[in-house]
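Respectively, the protein sequence lines represent chains G and U. Take the first sequence: its letter number 75 is residue 75 in our numbering, and every next letter is one higher. Take the second sequence: its letter number 66 is residue 66 in our numbering, and every next letter is one higher. Backbone N, C-alpha and C fix where the C-beta goes; we use that ideal spot for every residue, glycine too. The structure appears below as structure tokens.
Number of protein chains: 2
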Amino acid sequence: MFSIGQLSKATGVKVPTIRYYEEIGLLPQPGRNAGNQRRYGQDGMDALGFIKHARDLGFSLEDIKALMGLDGHLGDDCAEADRIARSQLANVRDRIRKLEQLASELERISHLCDGGNGGCCKVLTALGDHSQCAGEHG
Amino acid sequence: MFSIGQLSKATGVKVPTIRYYEEIGLLPQPGRNAGNQRRYGQDGMDALGFIKHARDLGFSLEDIKALMGLDGHLGDDCAEADRIARSQLANVRDRIRKLEQLASELERISHLCDGGNGGCCKVLTALGDHSQCAGEHG
DNA sequence: TCTTGATGCTCTAGTGACTAGAGGCCCTAC
DNA sequence: GTAGGGCCTCTAGTCACTAGAGCATCAAGA
Numbered sequence: 001m002f003s004i005g006q007l008s009k010a011t012g013v014k015v016p017t018i019r020y021y022e023e024i025g026l027l028p029q030p031g032r033n034a035g036n037q038r039r040y041g042q043d044g045m046d047a048l049g050f051i052k053h054a055r056d057l058g059f060s061l062e063d064i065k066a067l068m069g070l071d072g073h074l075g076d077d078c079a080e081a082d083r084i085a086r087s088q089l090a091n092v093r094d095r096i097r098k099l100e101q102l103a104s105e106l107e108r109i110s111h112l113c114d115g116g117n118g119g120c121c122k123v124l125t126a127l128g129d130h131s132q133c134a135g136e137h138g
Numbered sequence: 001m002f003s004i005g006q007l008s009k010a011t012g013v014k015v016p017t018i019r020y021y022e023e024i025g026l027l028p029q030p031g032r033n034a035g036n037q038r039r040y041g042q043d044g045m046d047a048l049g050f051i052k053h054a055r056d057l058g059f060s061l062e063d064i065k066a067l068m069g070l071d072g073h074l075g076d077d078c079a080e081a082d083r084i085a086r087s088q089l090a091n092v093r094d095r096i097r098k099l100e101q102l103a104s105e106l107e108r109i110s111h112l113c114d115g116g117n118g119g120c121c122k123v124l125t126a127l128g129d130h131s132q133c134a135g136e137h138g
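Spelled out as structure tokens, the structure:
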């Protein structure tokens, strides 16, 4: 049996976050000891590990709820799990594409100040004027 | 003179968002007409354009507030504007790096289901088990 | 056994950057 | 004059937490 603090240390999820996950129904309510403190078993540990990993992979809590709801009964739901994973991959790729455009735009803006000399505050002008941008962004 | 709706159409910033920017002190309070409706001039349009572009580039409202505060008096502040832009660039590059790790991880997970056959729900197992990951992420 | 300090509990409120809705006033075109 | 769109303020909700108040409980040492 683990206390919430031990669970926190083991998984790297902060204590208030664990309570928050319980509150929104993502983590099942654990048993309590005589003093009303939460006591978790291995299943609680596993569930929280699953959530942590999926969060690190950028899944929303909504996605994770869906994935965990599926976990019990496999079969067809496998397709659903795969769909969620793939849609998340597409999402991540899209974000990368957009961020790359932003990076090149920011590089351009930063170079305006390279010398540190005279008309240097083109940085502010460039930020204010989208028409100077090379490509699309936003 | 523009109404808030005209400003919204011209800049692509939604009406409630414009009011929100005003509320938090990012946009100066515009004049009002006899019926208490906001009326903007070209300076309001420019300010909102600046904010919109900077937001599209991923700057926080806090950053933008700093950049706009600097706008009046150039000189030394140029260095500050450049610092903010460069730190934003570093930030974006870092996010790209992390997302690329996530993408490769998600690709690996998705491939577990390629056949659509038998032991397909390795997707859920993989999501739950960080030790299967190739590299670092999160 | 007593004490002390860490850990735990619940509850409320705050974060950033908006978004949605209620309930009402104003403006413009016909 | 009237219809319908736009505008006003205010409150509350979103996501995924985070911080703090004020109190209870637990474990280890004296």
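Asked                                                                                                                                                                        : Found
With a threshold of 8 Å between beta carbons, is residue 110 of chain U in contact with chain G?                                                                             : yes
If you measure between the beta carbons of residue 37 of chain G and residue 3 of chain G, is that distance less than 8 Å?                                                   : yes
Should residue 100 of chain U be flagged as near chain G, meaning a C-beta pair shorter than 8 Å?                                                                            : yes
Is the shortest distance between the beta-carbon of residue 61 of chain G and the beta-carbons of chain U less than 8 Å?                                                     : no
DSSP three-state call for residue 49 of chain G: helix, strand or coil?                                                                                                      : helix
Residue 103 of chain G touches chain U at which residues, Cβ-Cβ below 8 Å?                                                                                                   : 89, 92, 93 and 96
Return the CA-CA distance between residue 69 of chain U and residue 61 of chain U, expressed in angstroms with no decimal places.                                            : 12 Å
Is the Cβ of residue 34 of chain U closer than 8 Å to any Cβ of chain G?                                                                                                     : no
Distance cutoff 8 Å, beta carbons only. Does residue 58 of chain U sit that close to anything in chain G?                                                                    : yes
Grouping DSSP H, G and I as helix and E and B as strand, with all else coil, what is residue 31 of chain U?                                                                  : strand
With a Cβ-Cβ cutoff of 8 Å, do residue 7 of chain U and residue 92 of chain G count as a contact?                                                                            : no
Where do the ends of the alpha helix (DSSP H) carrying residue 18 of chain G lie?                                                                                            : 15-23
I'd like the list of long-range same chain contacts for residue 26 of chain U, defined as Cβ closer than 8 Å, with 5 residues on each side in sequence excluded.             : 51, 61, 64, 65 and 68
For residue 83 of chain G, list the residues DSSP reports as bridge partners.                                                                                                : BP columns for residue 83 of chain G are empty, so no partner.
Thinking C-alpha only, which one of U:82, U:95, U:94 and U:106 is nearest residue 110 of chain G?                                                                            : U:82
Against residue 106 of chain U, what residues of chain G qualify as contacts under a CB-to-CB distance less than 7 Å, listed in chain order?                                 : 57, 85, 88, 89 and 92
Tell me the DSSP secondary structure of residue 115 of chain U in three-state form.                                                                                          : Caution is warranted here: a pLDDT of 48 is assigned to residue 115 of chain U, below 50, making its placement in the model unreliable, and the coordinate value is therefore given only provisionally. Of the three classes helix, strand and coil, the one that applies to residue 115 of chain U here is coil, per DSSP.
So which of U:20, U:108, U:10 and U:1 has the shortest CA-CA distance to residue 86 of chain G?                                                                              : U:108
Is residue 82 of chain G close to chain U? Criterion is C-beta to C-beta, closer than 8 Å.                                                                                   : yes
Can you grab the Cα-Cα spacing for the pair residue 16 of chain U / residue 44 of chain U, in whole Å?                                                                       : 16 Å
Using a Cβ-Cβ cut-off of 6 Å (strictly less than) and excluding sequence neighbours within five positions of residue 21 of chain U, which residues of its own chain qualify? : 27
Apart from the five residues just before and just after residue 14 of chain U, which ones in its own chain have a Cβ nearer than 8 Å to its Cβ?                              : 8
Going by DSSP, which residues form a beta bridge with residue 97 of chain U?                                                                                                 : Beta-bridge pairing links residue 97 of chain U to no other residue.
Would you identify the three-state DSSP class for residue 74 of chain U, choosing helix, strand or coil?                                                                     : Low confidence applies to residue 74 of chain U: its pLDDT is 42, below 50, so where it sits in the model is not reliable, and the reading given next is rough at best. Residue 74 of chain U: coil per DSSP, three-state reduction.
What number of angstroms, rounded off, separates the C-alpha of residue 34 of chain G from the C-alpha of residue 40 of chain G?                                             : 14 Å
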